[in-house]
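Numbering (the working numbering), first residue to last: 2 to 256.
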């Protein structure tokens, strides 16, 4: 049993063969998926997937690269959607200093607003962090995000940053990069994360693991991520799959 805790199966890259990709994932042992809706376009299509498949859940939030487009009514909309049974988190939210699409001060405001909403509703948060480690940790601290916790999606920071996040009640999730031959840094961090705080994901259709790197990622490839994680930790694949699925069940309060 595997749980892909972060995928985008509603992305346009899957428009031609979405059902087949999902079926392949099931054949690889993926029993549940958390699909992410992160703006006005992707939230409705992510919700549609949860209605079509009983094993797909969703997080809804506003991505930092789209922060400049978020209006007050969008935050109200997210709050309303969070009452649905299969909406299990607010996300992905956070900061992105790589893509210059939304000013930093706007990203900070939108990030803070969504952390406050999560605390109001008692829901975990899914964090997107690209080239913004210090500010992400600082804002999480200032907004008392430890009250709800969540997941650091596709973690790329240092062990020092990971420890700060663990102290704030966060799980650490790893994706395709841990399968790359030269990815020494994330492997070293993964090896130190407590087993009861570890998650695996694909971020499909992005960050495709070896040996398919450079091609479209699929949620079924989370098996490759799990196999790599098990190898790094020196445990069996079956044990890694069980532990990370139990962690996902606990964090997202899945059945």
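C-beta atoms are modelled at their ideal positions from N, C-alpha and C, and glycine is treated no differently.
Take the Cβ of residue i as the centre, count every other Cβ of all protein chains shown within 10 Å, and call the residue buried at 16 or more, exposed below.
i, result
"residue 110", "exposed"
"residue 129", "buried"
"residue 177", "buried"
"residue 240", "exposed"
"residue 189", "exposed"
"residue 33", "buried"
"residue 192", "exposed"
"residue 104", "exposed"
"residue 1", "Outside the modelled stretch of the chain, which goes from 2 to 256, sits residue 1, for which no answer is possible."
Alpha carbon to alpha carbon, how far is residue i from residue j?
i, j, result
"residue 233", "residue 155", "16 angstroms"
"residue 62", "residue 173", "19 angstroms"
"residue 170", "residue 147", "5 angstroms"
"residue 199", "residue 150", "14 angstroms"
"residue 41", "residue 75", "8 angstroms"
"residue 246", "residue 230", "14 angstroms"
"residue 24", "residue 113", "38 angstroms"
"residue 220", "residue 17", "15 angstroms"
"residue 100", "residue 144", "24 angstroms"
"residue 183", "residue 235", "19 angstroms"
"residue 211", "residue 180", "6 angstroms"
"residue 250", "residue 256", "7 angstroms"
"residue 157", "residue 73", "31 angstroms"
"residue 102", "residue 69", "8 angstroms"
"residue 187", "residue 48", "32 angstroms"
Where does residue i fall in DSSP's three states?
i, result
"residue 194", "coil"
"residue 255", "coil"
"residue 60", "strand"
"residue 93", "strand"
"residue 134", "helix"
"residue 175", "strand"
"residue 38", "strand"
"residue 152", "strand"
"residue 5", "strand"
"residue 186", "helix"
"residue 128", "strand"
"residue 118", "helix"
"residue 113", "helix"
For the candidate residues the options, whose alpha-carbon lies nearest to that of residue i?
i, options, result
"residue 216", "9, 4, 5, 14", "14"
"residue 161", "115, 250, 3, 194", "194"
"residue 117", "106, 140, 99, 101", "140"
"residue 96", "70, 86, 88, 66", "66"
"residue 27", "100, 224, 190, 238", "224"
"residue 29", "52, 46, 11, 2", "2"
"residue 51", "71, 88, 211, 20", "88"
"residue 201", "214, 35, 175", "175"
"residue 204", "237, 49, 153", "153"
"residue 124", "39, 92, 36", "92"
"residue 133", "159, 115, 119", "159"
Validate contact between the region 88 to 102 and the region 123 to 138 using beta carbons, cut 8 angstroms, 3 pairs: With the cut-off at 8 angstroms, the region 88 to 102 and the region 123 to 138 touch.
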